[in-house]
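Down below is the structure, laid out as structure tokens.
There are 2 protein chains.
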Amino acid sequence: MAKMSSPTETKQCIESPTAVFQKFAGKAGNNCTLSKTEFLTFMNTELAAFTKNQKDPDRMMKKLDLNTDGQLDFQEFLNLIGGMAVACHDSFTRSTHFQK
Amino acid sequence: MAKMSSPTETKQCIESPTAVFQKFAGKAGNNCTLSKTEFLTFMNTELAAFTKNQKDPDRMMKKLDLNTDGQLDFQEFLNLIGGMAVACHDSFTRSTHFQK
């Protein structure tokens, strides 16, 4: 059998969002969406430091819930991760004073 | 000093894209964008199996280069990662026959 090389960092970037989303979406009810409770559990578990600074985590859920069905599907969840990845890159760029 | 807990999987999802992007964007020229050469090196290094199945990796670069400046900035790069993360979740959902 071909020796499986360890996954690259990029492959983890691609696969991890599914693993994290299903870990919390699968807790109760519809396994394909995050309920408000599951979303708050996710935020307090996976992004505790960030969440502590949020005055109103409920408001975050409302902003992400684009189709206003009271749940977050995977795309709506990925928008959060993507937005935070962009913010992370912006702060990296500012901190290292790259010349555009 | 407060004990730094190990980063959660979500934090890695958020920080890894910057680490991977800068690893390849920093090779030559503008450190804030991926040239075509840097993009192909990234694809052949980080996503070798996927890239082998691509008839025309150049066409991928053109599709991602939304502002047609011949380079990929971080947002354009993140669109690739995000698109592949959605495809990964879709195939996970199909393979586990979740009921919507």
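Same order as they appear, the protein sequences are chains A and B. Going by the working numbering, 147 is the number at position 75 of the first sequence; the sequence numbering is gapless. Going by the working numbering, 96 is the number at position 24 of the second sequence; the sequence numbering is gapless. Glycine included, each C-beta is placed from N, C-alpha and C at the ideal position.
When you compare the CB of residue 163 of chain A with every CB in chain B, is at least one pair closer than 7 Å?
Residue 163 of chain A does not count as touching chain B.
Which runs of the beta strand (DSSP E) fall wholly inside the segment 96 to 149 of chain A and span at least 3 residues, in chain order?
Complete beta strand (DSSP E) runs here, min 3: none at all.
Cβ-heavy atom distance between residue 161 of chain A and the ligand ZN below 6 Å?
Here there are no bound small molecules, and the ligand ZN is not part of this structure.
Does the beta-carbon of residue 172 of chain A have 16 or more other beta-carbons within 10 angstroms, so that it is buried, or is it exposed?
Because the pLDDT at residue 172 of chain A is just 49, under 50, the model does not fix this residue reliably, and the point stays unresolved.
Do we get a CB-CB distance below 7 Å when we pair residue 88 of chain A with the residues of chain B?
Residue 88 of chain A counts as touching chain B.
Can you give me the C-alpha to C-alpha distance between residue 158 of chain B and residue 127 of chain A, rounded to a whole angstrom?
If you take the alpha carbons of residue 158 of chain B and residue 127 of chain A, they lie about 30 Å apart.
Quick one: which residues of the segment 127 to 145 of chain A get their C-beta closer than 9 Å to a C-beta of chain B? List them in chain order.
Within the segment 127 to 145 of chain A, no residue qualifies.
Taking its Cβ as the centre, do 16 or more other Cβ atoms sit within 10 Å of residue 64 of chain A, making it buried, or is it exposed?
An answer regarding residue 64 of chain A cannot be provided, because it is not within the stretch 73 to 172 covered by chain A.
Is there a Cβ from chain B that is less than 7 Å from the Cβ of residue 100 of chain A?
No, no contact with chain B.
Checking 7 Å against the spacing of the C-beta atoms, do residue 82 of chain B and residue 87 of chain A come in under that value?
No, they are not a contact pair.
Applying a beta-carbon distance threshold of less than 8 Å, which residues of chain B neighbour residue 119 of chain A?
In chain order: 80, 82 and 83.
When you compare the CB of residue 156 of chain A with every CB in chain B, is at least one pair closer than 7 Å?
So, interface residue.
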